[in-house]
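Chemist: Listed in order, the protein sequences are those of chains A and B.
So for the first sequence, the numbering used here puts the first residue at 17; every next one is plus one.
So for the second sequence, the numbering used here puts the first residue at 1112; every next one is plus one.
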Amino acid sequence: MIRIGIDVGGTNTDAVLVDGTNVVSSLKTSTTEDVTTGVERALAKLMDNSPEVARSASAVIIGTTHFVNAVVERRELERVASLRLCLPASASVRPFSGWPADLRDLVRGEVVLLPGGHEIDGREISPFNPEATYEAARRIADAGIESVAISAAFSPIRADHENRAAAIVREVMPGARITLSRDLGRLGLLERENVALLNAALGKLARKTTAAFREAIRTSQLNAKLYLTQNDGTLISAETAEQYPVLCFASGPTNSMRGAAFLSGMTDAAVVDVGGTTSDIGILKNGFPREANSIVEVGGVRTLFRMPDVVSLALGGGTRVYTNPLRLGPDSLGFRLVERARIFGGSELCATDIAVARGLIRLGDPARVRDIDPRVMELVSQEAKSRLEAGVDRVKTSPDDIPLIAVGGGSFLVPKTLHGVSEVVFVPHHDVANAIGAAIAQVSGEVDQVFSDLSRAEAIESATALARARAEEAGAASSSVSVVDIEELPLAYMPGNSRRVRVRVAGNLAGV
Amino acid sequence: MQVIDASALRHLAMGAAVLSAGGGSFPYLELLSAEEMLQSHPPVPLIPAMQLPDDARVALVAMVGAPLALSERLVDAEHFARPVAVLAEYLGVSFDAVMGYEIGSMNSLIPAMVAMRVGLPLVDADTLGRSFPEIQMSAFAIAGLEMTPMVASDIRDNDVILSTAASGRWIENLLRPLATTCGSILAVCGCHSGRQIKLHAHLGSYSRAIRIGAAILDAQAHRADPVASLFSRERGSVLARGKVLDVMRNTTDGFVRGQVQIEIGAGSTVRVHFQNEYTLVEIGQRLLAMVPDLITILDSERGEPLGTEALRYGQHVVLARMPALERHLTPHALAAVGPRAFGYDFDYEAAP
């Protein structure tokens, strides 16, 4: 099985060619403004490096921060309609509540609240009203909006009202792009609805981007299927990514973590990915990034969905070093590292200069950093060490020492020993770990539901069966599916010893 | 005259999260909803209880149910104003003011929203002085006041008038299953006189919550230490600073019970027990605080209170105690809100 993995970061586009578990070829190119030119170049170089192998690749798997950047930078977003089934409840906190004004003004189109939605125990709040839904759909169509986000109270427990509303919208507006909140988010109506609204706003951009990626594959003369990596470190088909671009928001750090797991052969460890500006630290549990259980703000909007639990530190290869008074960052030379750092002939001192001066890595012209005061070196290393230690401690779930896998172009900044860390593991190909994580990505399925009047074991069993079905539906080979994560939370003031159970499974892509 | 304007609302929300003693989180959705109401309603006056005439009729309101339900069926002022109208009609009276039963978490903002909705002032008092899990812990129940008639409203056209109940505990017993039937959210309203409030309620609760919230948020804005700021304005003290080591939780009878261990130095830990709210602080064999002391765990940097559901390993926290309110220290009150009411086999002792 031959696959190509590509990670499009803010600065670099990394690509690898992987045959089974063997890394055949890897490279780095610059990320381009339009994203796809960088991908095209990366593919062309891989073809140059190993034409025979590359030509037989059956999948190109791309991780990109393009969609989340569009939200953060407020560009290429489209106006969306919000249709929420909740009445007579929930009327006073309307869709788009709490959004930053600039983003809301760009995205908010028609907002319609309708009767419907469910209670916590799955009964209807009020019956679904087809007439009112037809009328709402016509109103949305008349307003010229093409993307609709549909949400309903407790839809993660009962999806039927969102589904029925979607059928009516599709009938009235056959070309509309429809996002259902239950396909994306967790319990928490406003936050789940926010995810659906952001997703709907990215609909056009997602189609444009995947079309360009497909074109890049075609012009490279490859006969490979396109996949994108998603927030949990697994992959989705390009068609699914077009429908759910929000699922690709956090693919950068997750790809690194998955790559680290693959390269080290470890399944449970902390991972630090040291880039040019930041270090991202996360936890691998059963080989997958642990997910955040709390609200994550994206471009100022509160969201609650499948996102990795990642701590970002201001520490990277380009992090500037000031000597009077002595301090490390937080600013970084970023992509200007290659011209401004001392070792590359520039005049600004950065963390990479210190690493070269200390002999941790050979890069540029070491003569240019020979005059650095050893005390400066010592203090900078101490500061980097204590930041990393604090960062690892923040992602840990227990006081026990755990191993730390160091990846990324700046991983030479990670010391060999750290407090709270049992061993620091350095791996080959660490600088393209993210692209490797994309290349080896699996398929996942997830369930997050409230179960009542079931024993703990029964609740987990039901949730697992549902998650498996979802993974298989997404293309996983049934025999390879295994459980990645089980979480359960008992709930207060609820009948029948209710518990909320979340189960995630993953397996290999069938037939690739 | 103080009014509940936008900044008072934010302070109130933060202060009420502290006064929830771990039983509730920051009432984000309720704050959002109240802030939106301010676009179309004038801010309500906050009046000291002592200004109430003896015969004033005050509508007391609260949400009874499961907070999780409110994360999907979002709070609606219309719904919470409904039992107020039903009770007024049932009693054949009109109300003079609105008040809350409980100053903790979302139940502090709901009365402010109802006051805005019905156009009445809000009384600066509540009946719990903080968050407690059950109705019999209310100062009115402790004082033996009749808390009925009480109206409980569903979001649909279902209103239940509870004309008489044998005790505060019976109100609790009767309302819980009703809440479950109505989607785990009930809007509740009772009526009390100005005299009853002045004699028995916890006075100044709203200004206290606003003061607490302002202390934390002002310090955040000025990059000062929020915890220091809090205890320069409010009675209480830091018991320990440290790192969360372990959290254990389970549910029984609709309660989330458990304990959290906080490492406060090499090898030394402090243990905080909870039953929805934090109930007990234990270090070795010594008890540093117990209900009805208000025990709170704050994020050490931002000073924001952490509910029991938000605790996890590695958080750097400040464990603090705010001394029990005077009204909670009578033998009668302690029987309802002291350690024995939470199943411990010892009596309340104030920390040294």
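Glycine residues also receive a C-beta, built at the ideal position from the N, C-alpha and C atoms.
For a quick check, are the C-beta atoms of Ala479/A and Asp1187/B less than 8 Å apart?
Modeler: Here residue 479/A is taken as the residue at index 463 of the first sequence, counted from 1. Here residue 1187/B is taken as the residue at index 76 of the second sequence, counted from 1. No. Outside cutoff.
Chemist: Fully enclosed by the segment 97-153 of chain A, which beta strand (DSSP E) runs are 3 residues long or longer?
Modeler: Here the runs fully enclosed are 124-131.
Chemist: Kindly indicate which residue of Ile299/A, Glu255/A, Glu258/A has the alpha-carbon position closest to the one of Gly275/A.
Modeler: Position 259 of the first sequence, counted from the first residue, corresponds to residue 275/A. The candidate whose alpha carbon is nearest that of Gly275/A is Ile299/A.
Chemist: List the DSSP bridge partners of Pro324/A.
Modeler: By 1-based counting over the first sequence, the position of residue 324/A is 308. BP columns for Pro324/A point to Glu307/A.
Chemist: Under 7 Å between beta-carbons, which chain B residues line up against Glu135/A? List them in chain order, please.
Modeler: Residue mapping note: residue 135/A aligns to position 119 of the first sequence, counting from 1. Chain B residues near Glu135/A: Gly1294.
Chemist: Within a Cβ cutoff of 8 Å, which residues of the same chain sit near Thr1362/B, ignoring the five residues on either side of it in sequence?
Modeler: Reading the second sequence from its first residue, position 251 is the one you call residue 1362/B. Excluding sequence neighbours, Thr1362/B sits near Arg1368.
Chemist: Jot down the residue ranges of each uninterrupted beta strand (DSSP E) in the segment 347-435 of chain A, minimum 3 residues, whole runs only, in chain order.
Modeler: Qualifying beta strand (DSSP E) stretches, in chain order: 418-423.
Chemist: Kindly indicate which three-state DSSP category Val1197/B falls into: helix, strand or coil?
Modeler: Taking the first residue of the second sequence as 1, we reach residue 1197/B at position 86. DSSP places Val1197/B in helix when its eight states are reduced to three.
Chemist: Ends of the alpha helix (DSSP H) at Leu1285/B?
Modeler: Numbered from 1 along the second sequence, position 174 holds the residue referred to as residue 1285/B. Per DSSP, Leu1285/B belongs to the alpha helix (DSSP H) from 1279-1292.
Chemist: Establish whether the CB of Ala490/A and some CB of chain B are separated by less than 8 Å.
Modeler: On the first sequence, position 474 is the one that residue 490/A refers to. No - not a single Cβ of chain B is within 8 Å of the one on Ala490/A.
Chemist: For Gly407/A versus Ala367/A, is the C-beta spacing smaller than 8 Å?
Modeler: By 1-based counting over the first sequence, the position of residue 407/A is 391. By 1-based counting over the first sequence, the position of residue 367/A is 351. No.
Chemist: What residue ranges within the segment 239-270 of chain A form continuous beta strand (DSSP E) runs of no fewer than 3 residues, ordered along the chain?
Modeler: Listed in chain order, the complete beta strand (DSSP E) runs (minimum 3 residues) inside the segment 239-270 of chain A are 241-245, 251-253.
Chemist: Count the other CB atoms, across all protein chains shown, that sit within 10 Å of the CB of Gln398/A; report buried if there are 16 or more and exposed otherwise.
Modeler: Within the first sequence, residue 398/A is the residue found at index 382, counting from 1. Gln398/A comes out exposed.
Chemist: Take Arg1/A and list the residues in its own chain whose beta-carbon comes closer than 7 Å to its own, dropping the five residues that flank it on each side.
Modeler: Residue numbering for chain A in the displayed model covers 17 to 528; residue 1/A lies beyond these limits and cannot be assessed.
Chemist: Report the start-end ranges of each beta strand (DSSP E) in the segment 1330-1376 of chain B that is 3 residues or longer and not cut off at the edges.
Modeler: Qualifying beta strand (DSSP E) stretches, in chain order: 1348-1363, 1366-1376.
Chemist: Express the C-alpha separation of Arg343/A and Val443/A in angstroms, rounding to a whole number.
Modeler: Numbered from its first residue, the first sequence carries residue 443/A at position 427. Numbered from its first residue, the first sequence carries residue 343/A at position 327. Roughly 30 Å between the two C-alpha positions.
Chemist: Using a Cβ cut-off of 8 Å (strictly closer), state whether Ser163/A contacts chain B.
Modeler: Along the first sequence, read from residue 1 onward, the residue named residue 163/A stands at position 147. Taking Cβ atoms only, chain B never reaches closer than 8 Å to Ser163/A, which makes this a no.
Chemist: By the three-class DSSP mapping on this structure, what secondary structure does Ile1406/B have?
Modeler: Numbered from 1 along the second sequence, position 295 holds the residue referred to as residue 1406/B. Ile1406/B: strand per DSSP, three-state reduction.
Chemist: So which residues on chain B does Arg410/A lean against when the C-beta distance must stay under 7 Å?
Modeler: Here the question's residue 410/A lines up with position 394 in the first sequence. Within chain B, the residues near Arg410/A are Gly1425.
Chemist: Using 8 Å as the threshold, is the segment 1133-1150 of chain B in touch with the segment 1174-1194 of chain B, meaning 3 or more CB pairs across them?
Modeler: A contact exists between the segment 1133-1150 of chain B and the segment 1174-1194 of chain B.
Chemist: What are the start and end residues of the alpha helix (DSSP H) that includes Ile476/A?
Modeler: Numbered from 1 along the first sequence, position 460 holds the residue referred to as residue 476/A. Looking at the DSSP string, the run of the alpha helix (DSSP H) that includes Ile476/A is 472-489.
Chemist: Based on Cα-Cα distance, which residue from Ser1343/B, His1313/B, Val1392/B, His1311/B lies nearest to Ala1325/B?
Modeler: Along the second sequence, read from residue 1 onward, the residue named residue 1325/B stands at position 214. The residue with the shortest Cα to Cα distance from Ala1325/B is Ser1343/B.
Chemist: Anything in chain B within Cβ reach of Gly204/A, meaning under 8 Å, just list it in chain order.
Modeler: Residue numbering aside, residue 204/A sits at position 188 when the first sequence is read from its first letter. Residues of chain B passing the Cβ test: Ser1182, Glu1183.
Chemist: Excluding the 5 residues flanking Glu135/A on each side, which residues of the same chain have their C-beta closer than 7 Å to its C-beta?
Modeler: As a first step, residue 135/A must be located in the first sequence, where it is residue number 119. Excluding sequence neighbours, Glu135/A sits near Ile141, Phe170.
Chemist: Given a cut-off of 8 Å on the beta-carbon distance, is the pair Ser98/A and Val127/A in contact?
Modeler: Mapped onto the first sequence, residue 98/A falls at position 82. Mapped onto the first sequence, residue 127/A falls at position 111. Yes, these two residues count as a Cβ contact at 8 Å.
Chemist: Relative to the alpha-carbon of Ala483/A, which residue among Arg180/A, Met273/A, Val288/A, Val517/A has its alpha-carbon at the smallest distance?
Modeler: Translated into positions along the first sequence, residue 483/A becomes position 467. The shortest Cα separation from Ala483/A among Arg180/A, Met273/A, Val288/A, Val517/A belongs to Val517/A.
Chemist: Rounded to a whole number of angstroms, what is the C-alpha to C-alpha distance between Lys301/A and Gly1305/B?
Modeler: Taking the first residue of the first sequence as 1, we reach residue 301/A at position 285. Taking the first residue of the second sequence as 1, we reach residue 1305/B at position 194. Going by the C-alpha atoms only, they are around 58 Å apart.
Chemist: How do the segment 1252-1272 of chain B and the segment 1113-1132 of chain B stand: do at least 3 beta-carbon pairs fall below 8 Å, yes or no?
Modeler: Contact fails: fewer than three Cβ-Cβ distances are below 8 Å.
Chemist: Taking the beta carbon of Pro269/A as the centre, do at least 16 other beta carbons fall within 10 Å, making it buried, or is it exposed?
Modeler: Counting from 1 along the first sequence, the entry for residue 269/A is found at position 253. Buried is the call here.
Chemist: Note down, in chain order, each residue of its chain lying with its Cβ closer than 6 Å to the Cβ of Lys220/A, except the 5 sequence neighbours on either side.
Modeler: As a first step, residue 220/A must be located in the first sequence, where it is residue number 204. Around Lys220/A: Glu94.
Chemist: Under three-state DSSP, which class holds Glu1183/B?
Modeler: Here residue 1183/B corresponds to residue number 72 of the second sequence, with the count starting at 1. Of the three classes helix, strand and coil, the one that applies to Glu1183/B here is coil, per DSSP.
Chemist: Check whether the Cβ atoms of Phe321/A and Gly249/A sit closer than 8 Å, and answer yes or no.
Modeler: The residue labelled residue 321/A in the question sits at position 305 within the first sequence. The residue labelled residue 249/A in the question sits at position 233 within the first sequence. No, they are not a contact pair.
Chemist: Give the straight-line distance between the Cα atoms of Ala58/A and Asn210/A, rounded to the nearest whole angstrom.
Modeler: Working through the first sequence from its first residue, we reach residue 58/A at position 42. Working through the first sequence from its first residue, we reach residue 210/A at position 194. Near 35 Å, if we compare the C-alpha coordinates of Asn210/A and Ala58/A.
Chemist: Return the Cβ separation of Ala1192/B and Val1225/B in integer angstroms, given the expectation that the two are a contact with Cβ distance under 8 Å.
Modeler: Taking the first residue of the second sequence as position 1, residue 1192/B is located at position 81. Taking the first residue of the second sequence as position 1, residue 1225/B is located at position 114. Confirmed, Cβ separation roughly 5 Å.
Chemist: Please state the DSSP three-state secondary structure of Leu1440/B.
Modeler: Against the second sequence, residue 1440/B aligns to sequence position 329. Of the three classes helix, strand and coil, the one that applies to Leu1440/B here is coil, per DSSP.
Chemist: For Gln608/A and Ala526/A, I'd like the C-alpha separation in whole angstroms.
Modeler: Not covered by the structure: residue 608/A. The range shown for chain A is 17 to 528.
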